[in-house]
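In terms of UniProt numbering, the sequence shown opens at residue 1 and continues consecutively. We put the beta carbon where it would ideally sit given N, CA and C, even for glycine.
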Amino acid sequence: MKTVNGHEIIQLFEEFSPKHLAEEGDPIGLQIGKLNEKVENVMITLDVLENVVDEAIKNNVKLIIAHHPPLFRPLRSIHTDTYQGRMIEKLIKHDIAVYAAHTNLDVAAGGVNDLLADALNLQETSVLLPTHSEQLRKLVVYVPKENSEELRNALGKAGAGHIGNYSHCSFSTEGTGRFLPGEGTDPHIGQKGKLEEVSEEKIETIYPRSLEKKVLKAMFTHHPYEEVAYDIYSLENKGEALGLGRVGKLQEEVPLKQFAAIVKETFGMDGIRVIGDMEAKVKKIAVLGGDGNKFISAAKRQGADAFVSGDIYFHTAHDAMMMGLNVVDAGHHIEKVMKDGVAEYLAKKCAEKGYIVNIFASKANTNPFTFM
Numbered sequence: 001m002k003t004v005n006g007h008e009i010i011q012l013f014e015e016f017s018p019k020h021l022a023e024e025g026d027p028i029g030l031q032i033g034k035l036n037e038k039v040e041n042v043m044i045t046l047d048v049l050e051n052v053v054d055e056a057i058k059n060n061v062k063l064i065i066a067h068h069p070p071l072f073r074p075l076r077s078i079h080t081d082t083y084q085g086r087m088i089e090k091l092i093k094h095d096i097a098v099y100a101a102h103t104n105l106d107v108a109a110g111g112v113n114d115l116l117a118d119a120l121n122l123q124e125t126s127v128l129l130p131t132h133s134e135q136l137r138k139l140v141v142y143v144p145k146e147n148s149e150e151l152r153n154a155l156g157k158a159g160a161g162h163i164g165n166y167s168h169c170s171f172s173t174e175g176t177g178r179f180l181p182g183e184g185t186d187p188h189i190g191q192k193g194k195l196e197e198v199s200e201e202k203i204e205t206i207y208p209r210s211l212e213k214k215v216l217k218a219m220f221t222h223h224p225y226e227e228v229a230y231d232i233y234s235l236e237n238k239g240e241a242l243g244l245g246r247v248g249k250l251q252e253e254v255p256l257k258q259f260a261a262i263v264k265e266t267f268g269m270d271g272i273r274v275i276g277d278m279e280a281k282v283k284k285i286a287v288l289g290g291d292g293n294k295f296i297s298a299a300k301r302q303g304a305d306a307f308v309s310g311d312i313y314f315h316t317a318h319d320a321m322m323m324g325l326n327v328v329d330a331g332h333h334i335e336k337v338m339k340d341g342v343a344e345y346l347a348k349k350c351a352e353k354g355y356i357v358n359i360f361a362s363k364a365n366t367n368p369f370t371f372m
C-alpha cells in the first residue's frame, strides 16, 4: 500500500477518459490548484458549485474531478465578493485542485453516455454520432521462447490484442535471434564479446495508441533482456469507433408513455418533458447526456424510435415532431450517473495499484430545477 498524489490519480483517470477525445476548444484538464500534493480523499461531481466546494472542505478533499468545467469561459477578473470568485477563493484557501473532463468523458467508452445506456438497460449498443476512431499500432517484439507466454499474457493484460470482442490476440513465429554483447552490458543470455544465437519467438499484436505507454511498460517489465528488440508500426486499420451518444434496444417494445415513466424513475427525476405520441411503440432508443438539440437528426438517421436527452428547445421540439421522432427530455442533470460511475472505476483502479486513497461521489444536489 502506498500514498498517492493528484498526478497519479489523474494518470489512472486519463487511461479511461483521455484528453484527445475532447472536442477542440473544450476547457478540460486541471483548472484550479496543483496535482503534486498528497491526496487522501478524491470527490467526483457533475458540477462545481459552492455547495459542492463546502462538501469537499468538510470531507478534507484535495482533488475534485468534475464533468462540467467550472471555468468554462475565460475569466477577466476574480472578484471574491461574487459567487464564482468566492468559490474559487475557497478552493485556493483550502488547497483543493479541480480537474474537469467534459466532452472526453462523454465520448469515452464506459463514460457518461455508456453509463446512461446501461442505466436504461439498452442492449446491442453502438455510437450515435462517431467523432473518433482509435488509432491502432502494431507491436512486434522478439523474446526467448521460454519467456514468450509470460510476455504475451502481460501485453494482453495491458490492453494489447483487442479485436472486437476478442482479447489477447497475437501471432507468433519462431526464428533465431543473433547479438554480440559489448562492453558495459549484462546479457541475460550469452557472454560479452561473443556472438550469440538464441531460439526466439516473434510476437505481433496490436493496441490503441492511447494505451502505448501502458503496453510498452508491460513489455519492458516482463521481457528478460536489458535491451529489447522491438518495432512499432502505425496502421491504417480503423480502431473502435468512439463518439457522442449511444443507440441501443430495449428488451421489449413498450408504449412511449411507459418508456417515459421508466426514464423518470431510472434517473430519479421529479418531472420530464415528452414529445410525440404517448401510445407509439418504442424499442430502439438513442440517448445523449446534456444538450441534445444538435442530435435529433442523428437519432432519426439511426432509426431510433425515441431519443432521451436534455435541454430541448421549443423549435427543436417542433422539428422532432415533424420528422416523427419521439423525444424524452429528462434534463441535463441525468448526467449525474457519472458520479458513481467514475468513482467506482477509480476506486477499483486505485485498489489494484495499492493506493491509499478514498474515492467517493458527491452527495450535493446541483440540479437547479424544481417541478411543481
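Quiz item: If you run the structure through DSSP and keep just helix, strand and coil, what is Phe179?
Solution: DSSP places Phe179 in strand when its eight states are reduced to three.
Quiz prompt | Residues bridged to Gly243 [DSSP beta-bridge criterion] | solution = Gly243 is bridged to Pro130.
Self-check item: Continuous alpha helix (DSSP H) stretch holding Lys214: start and end
Solution: That run of the alpha helix (DSSP H) goes 212-222.
Practice problem: Assign Asp106 to one of three DSSP states: helix, strand, or coil. | Solution: Asp106: helix per DSSP, three-state reduction.
Quiz item: Can you check whether the CB of Ile359 is closer than 7 Å to the CB of Ala351?
Solution: No, they are not a contact pair.
Quiz item: When burial is assigned at 16 or more other CB atoms within 10 Å of the CB, is Lys336 buried or exposed?
Solution: So Lys336 counts as buried.
Quiz item: Which residues in the same chain have their Cβ closer than 7 Å to the Cβ of Leu71, if we skip the five residues on either side of it in sequence?
Solution: Excluding sequence neighbours, Leu71 sits near Pro27, Gln31.
Exercise. Entirely within the region 337-371 and at least 4 residues each: give me those alpha helix (DSSP H) ranges in chain order.
Key: Those alpha helix (DSSP H) runs which fall completely within the region 337-371 and span 4+ residues are 337-353.
Quiz prompt | Residue closest to Glu226, alpha-carbon to alpha-carbon, out of Lys249, Tyr313, Phe179 | solution = Looking at the Cα atoms, Phe179 is the closest of the given residues.
Self-check item: Residue range of the unbroken alpha helix (DSSP H) whose run includes Gln258
Solution: In the DSSP annotation of this structure, the continuous segment of the alpha helix (DSSP H) that includes Gln258 starts and ends at 256-266.
Self-check item: Continuous beta strand (DSSP E) stretch holding Ala286: start and end
Solution: Bounds of the beta strand (DSSP E) holding Ala286 are 281-291.
Quiz item: Taking DSSP as the reference, what is the three-state secondary structure of Ala158?
Solution: Coil.
Self-check item: Span separating the alpha-carbon of Glu23 from that of Glu15
Solution: C-alpha separation (whole angstroms): 17 Å.
Quiz item: Expressed to the nearest angstrom, what Euclidean distance is found between the alpha-carbon atoms of residue 391 and Leu151?
Solution: Absent from the structure is residue 391, since the part of the chain shown begins at 1 and ends at 372.
Exercise. Counting only runs of 4+ residues fully inside the region 27-79, write out the alpha helix (DSSP H) ranges in chain order.
Key: Listed in chain order, the alpha helix (DSSP H) elements of length 4 or more contained wholly in the region 27-79 are 50-58.
Exercise. Have a look at the DSSP bridge pairing and note the partners of Gly248.
Key: Bridge partners of Gly248: Ile285.
Quiz item: Between residue 376 and Ile296, which are expected to be in contact by the criterion C-beta below 8 Å, what is the C-beta distance as a whole number of angstroms?
Solution: In the structure displayed, the chain extends from 1 to 372; residue 376 sits before or after that span and is not available.
Self-check item: Beta-carbon proximity list for His332, same chain, < 6 Å, skipping 5 on both sides
Solution: If we look at His332 and ignore the five residues flanking it on each side, its Cβ neighbours are Gly290, Gly310, Asp311.
Quiz item: Which class does Thr316 belong to by DSSP, given the choice of helix, strand or coil?
Solution: The answer is helix: DSSP assigns Thr316 an H, G or I state.
Practice problem: Have a look at Lys283 and Ser234 and give me their C-alpha separation to the nearest angstrom. | Solution: Per the coordinates, the alpha-carbon of Lys283 lies some 40 Å from the alpha-carbon of Ser234.
Quiz prompt | Test: Val52 CB closer than 7 Å to a CB of chain C | solution = Absence of chain C from the displayed structure is noted, only one protein chain being present.
Quiz prompt | Nearest-angstrom Cα separation, counted from Gly248 out to Lys2 | solution = The alpha-carbon atoms of Lys2 and Gly248 are separated by roughly 41 Å.
Self-check item: Alpha-carbon spacing of Ala64 relative to Ile96, whole angstroms
Solution: According to the sequence as given, residue 64 is Ile; it is not Ala. Going from the Cα of Ile64 to the Cα of Ile96 covers about 7 Å.
Practice problem: Measuring alpha carbon to alpha carbon, tell me which of Lys214, Gln302, Ala158 ends up nearest Leu128. | Solution: Checked all of Lys214, Gln302, Ala158; the closest Cα to Leu128 is Gln302.
Quiz prompt | Neighbour-count burial assignment, Lys62, 16 or more Cβ in a 10 Å radius | solution = Around the beta-carbon of Lys62, 16 or more other beta-carbon atoms lie within 10 Å, marking it buried.
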